[in-house]
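**Student:** FYI, the numbering for the sequence shown is 1 to 652, going by the numbering used here.
Here it is: the structure, laid out below.
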Amino acid sequence: MKKKIMLMGMVLMALSGGTEIDAAPVYELSTVVVTAERTDTKELRTPAAVEVITGERIEKSGATNLQEGLKFSTGVITSSQGPKGLAQGVMTAKAVIRGVEKGTLVLVDGVPMNQSGMYQLQDISPEMIEKVEIVRGGGAVLYGSEASGGVINIITKRKHDNHLKIGLGDFGQQNYVFSGQADKFGFSYSYDRLGEFNHMSNPDGGRPAGMYYNLSDSEHNYFQSRYNLTDNLFLTHSYGNSNSHYIYRYDGRSGKNKDAIGKDVFYGNNDHMVALHFDDDSFMGNIYYHKRELTTIISRTKVPPHPEKEPTGVYNANVRVKENTLNQDRSIGMDFSKRWKTVSGSIMLGAAFQRDMAHVIENAKRKKADNKYERNMYSLYGQWVQHLTKETQMDVNFRQTWVKKDKAGNKYNKFTPEVIFSHNVNDNEMVYAKVGRSFMMPTFKQLYGGGKTIASPGLKPQTGMHYELGYKANVGKGSWRVALFKYDIKDSLEAQVPKGEVEKITYTNEDVRNKGIECEYRYVPNDRLSCYVGAVIQHPEKQQRDKNGKVGAWHDYYGKLQLNGGITYITGKLTTAFHFSHLGKRIRDVSPYESFKGQWFTDLNFSYQANNDCRLFLNIDNVLNRQDIVSSSSSSFYTLGRNFMAGVDYKF
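The following block contains the structure:
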């Protein structure tokens, strides 16, 4: 407790110390421009709950990947299989918006990253990011399937700094960044490593009980480049590579084989994306190709260290059985839209095409397979913006989606409309109301199985109704953002894992619902001080449905209370930033739906600008030294204890 008090004292001293703040220009909050409506609008005039996170803010949070960079955002719950946004192959890390676990669409410069329900934010380096726009609430009408919870739009830097960054910390942490710009061509490369971390999961939630994970090593490589062909036309390419080694051990609760190895698991990810982008305000378009390969190699002991219902022999750590799986996803697509100005508003029409292809190869003791799947998706979408009066506006959005029949006979045809009314109370206030539908298709793995997943070919696509009331106001040097929301999603695509049978995951259609209120306040008096605080009170619920379609009772899941905030203060050459995030009233998303302890994420960052070219930094993560649980199912994966990274950033 004394250590925690001392650390909090350090935060307050760092934020209050130093020279007196001189008068400085006040920021114009209303000038923040966002693309939530598929066109550039001032955030104050955008009828949606939008949070804009600059690349600079992510840097000052100490995050080395985007998954970590989002954990201090309002209305976003980050979930992973370990610290620093770790994932385990297809068990990806998540950024859950408004409690919709499988409803976050991630875009990079307007190009969708989602494949097979995964978007791999833990592999994206903050160095490439100009800003991130988080649009909370169903956005499937304007942006397509997957966006039933919200949209995360990553906007990359138009030009990169010439700089070299080196960061080293405890737990074997390393972070190296090199970026440069030569005329129209810019690039960034980053390497991020986390070393050994033992007992990263609770053995009580192991499958079976008593098994727990150690992390041996995890590393991420990320390269991104951009070539600006003209002011309106640019080409991007990104490549990500990550590798992690986990060791699954037994705690010896049966009286023998304490800390004995059950299996070594090696996860690998290779991700390529290339895209051509065009944007001249009235006409926008993307043509893209995306390929992702996830590999899993398992070396398990032939006889497990834990007791079996039907014993098969004597445990020997050196007698092994090997398995490997390859999950390859490829997407080819294009998206074009054109906007015309009218006397009292505008009209936008767009069309999109995406071809998804999957290849799954399994070589396991219980299953060998080599399967390929593919499908084509076509969309026609539009927006009619009509100024009813000088202050009042109506937006009518729509999307028609067709999915061509695949070899198993699955095809979809769905129309999703949305209507929005907004009213400008004055130059600094606005209110809005919106209602719309969402739609999301099952993934190949959910339909046809693979690995530990059993095929569920009869799955329906999930559909939802979304309602939202919002209020925005800029008051003096601060801004308020408040939103009331409610949604009901039918046939949500949810995983079912029978107790003690982790090898038999099935997907079923269940219903989910939520209602709540979000509130944010930001205060920016000058260019030396800025702070923000956010709060969310919500009630996410799920209605259990077994594989035979029998409907059960509604139950709570995830968390009902979120608090987040941060403060950044500049004194002389020193910039100090403190961020926190709390998730409370948490419920496990597995029967018997027990409550478990809340999260308190904290981060303290010091940045010293020695001269125009050299910056020194120190980041302290998990200031309160808590053992927080970063997962939400039966397993409990933990954060690192208090940890640090120090380094230098040099521009040339």
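We treat Cβ as the ideally placed atom computed from N, Cα and C, and that holds for glycine.
Keep in mind the model is a prediction, meaning the values are calculated, not measured.
To which residues does DSSP link Leu-349 through a beta bridge?
**Tutor:** Lys-338 and Gly-382
**Student:** Express the C-alpha separation of Val-319 and His-290 in angstroms, rounding to a whole number.
**Tutor:** Rounded to the nearest angstrom, the two C-alpha atoms are 39 Å apart.
**Student:** Indicate the three-state DSSP secondary structure (helix, strand or coil) for Tyr-119 in the structure shown.
**Tutor:** coil
**Student:** For Arg-355, which three-state DSSP category applies?
**Tutor:** strand
**Student:** I'd like to check one pair, Tyr-213 with Arg-253: are the Cβ atoms closer than 9 Å?
**Tutor:** no
**Student:** Determine contact between the region 103-114 and the region 46-64, defined as no fewer than three beta-carbon pairs at a distance below 8 Å.
**Tutor:** no
**Student:** Among residues of its own chain, excluding the 5 on either side of Lys-322, which ones have a beta-carbon nearer than 6 Å to its beta-carbon?
**Tutor:** Ser-299
**Student:** Out of curiosity, what's the CA-to-CA distance linking Tyr-373 and Thr-64?
**Tutor:** So the two alpha carbons sit approximately 35 Å from each other.
**Student:** Report the rounded CA-to-CA distance for Ile-620 versus Val-96, giving the unit in angstroms.
**Tutor:** Roughly 25 Å between the two C-alpha positions.
**Student:** Is it the case that the region 70-79 contacts the region 126-137, given that we only count it when at least three CB pairs across the two stretches are under 8 Å?
**Tutor:** yes
**Student:** Anyone know if the C-beta pair for Tyr-608 and Thr-575 falls short of 9 Å?
**Tutor:** yes
**Student:** Using alpha carbons as the reference points, say which of Asn-153, Met-211, Tyr-227 and Leu-235 lies closest to Pro-305.
**Tutor:** Met-211
**Student:** Find the nearest neighbour of Asp-280 within the set Arg-38, His-555 and Gln-446, judged by alpha-carbon distance.
**Tutor:** Arg-38
**Student:** What is the residue span of the alpha helix (DSSP H) that Phe-444 lies within?
**Tutor:** 444-448
**Student:** Please report the residue range of the beta strand (DSSP E) in which Arg-682 lies.
**Tutor:** The shown model of the chain, from 1 to 652, leaves out residue 682, and the question about it has no answer.
**Student:** If we call anything under 9 Å between Cβ atoms a contact, is Leu-561 one with Lys-585?
**Tutor:** yes
**Student:** Taking the alpha carbon of Glu-429 as the point to measure from, which residue in Val-435, Phe-580 and Thr-392 has its own alpha carbon closest?
**Tutor:** Thr-392
**Student:** Roughly how many angstroms lie between the CA atoms of Glu-468 and Ala-553, to the nearest whole one?
**Tutor:** 26 Å
**Student:** Check whether the region 151-171 and the region 484-492 touch, using three or more Cβ-Cβ pairs below 8 Å as the test.
**Tutor:** no
**Student:** So, using beta-carbon positions, are Gly-85 and Glu-68 closer together than 9 Å?
**Tutor:** yes
**Student:** Under a three-way DSSP split, which group does Pro-112 fall into?
**Tutor:** strand
**Student:** Among Leu-618, Tyr-593, Arg-626 and Met-645, which has the Cα closest to the Cα of Leu-635?
**Tutor:** At residue 635 the sequence reads Ser, which differs from the Leu that was named. With distances taken between Cα atoms, Ser-635 lies closest to Tyr-593.
**Student:** Pair every Cβ in the region 515-533 with every Cβ in the region 462-481, then say whether three or more of these pairs are closer than 8 Å.
**Tutor:** yes
**Student:** To the nearest angstrom, how far is the alpha carbon of Pro-25 from that of Gly-55?
**Tutor:** Low confidence applies to Pro-25: its pLDDT is 34, below 50, so where it sits in the model is not reliable enough to give any reading.
**Student:** With DSSP run on the structure shown, which of helix, strand or coil describes Gly-436?
**Tutor:** Residue state, collapsed to three classes: strand.
**Student:** From Gly-62 to Asp-603, what does the alpha carbon distance come to, in whole angstroms?
**Tutor:** 7 Å
**Student:** Which residues bound the beta strand (DSSP E) around Lys-584?
**Tutor:** Per the sequence shown, residue 584 should be read as Gly rather than Lys. 574-587 is the extent of the beta strand (DSSP E) around Gly-584.
**Student:** May I ask whether a heavy atom of the ligand NAP can be found less than 8 Å away from the beta carbon of Arg-528?
**Tutor:** In terms of ligand content, the structure shown is empty, and the ligand NAP therefore cannot be addressed.
**Student:** Alpha carbon to alpha carbon, what distance is there between Thr-325 and Ile-361?
**Tutor:** 6 Å
**Student:** How would you write the range of the beta strand (DSSP E) that Gln-462 sits in, first residue to last?
**Tutor:** Where Gln-462 is concerned, the enclosing beta strand (DSSP E) stretches over 462-475.
**Student:** Give me, in chain order, the residues of the same chain whose beta-carbon lies closer than 6 Å to that of Leu-388; leave out the 5 immediate sequence neighbours on both sides.
**Tutor:** Met-394
**Student:** Expressed to the nearest angstrom, what Euclidean distance is found between the alpha-carbon atoms of Asp-370 and Leu-294?
**Tutor:** 15 Å
**Student:** Cβ of Asp-427 less than 9 Å from any chain B Cβ?
**Tutor:** In summary, chain B is missing from the structure at hand, where a single protein chain is found.
**Student:** How close, in whole Å, do the beta carbons of Ile-505 and Ile-537 come, if the pair is a contact with beta carbons under 8 Å?
**Tutor:** The Cβ separation is near 32 Å, so there is no contact.
**Student:** If Phe-439 sits next to Pro-461, beta carbons under 8 Å apart, how far is it from one beta carbon to the other, in whole angstroms?
**Tutor:** The beta carbons of Phe-439 and Pro-461 sit about 6 Å from each other, so the pair counts as a contact at 8 Å.
**Student:** Cutting at 6 Å between CB atoms, please list the residues of its own chain near Trp-402, excluding the five before and the five after it.
**Tutor:** Cβ neighbours of Trp-402 beyond the five flanking positions: Tyr-378 and Asn-413.
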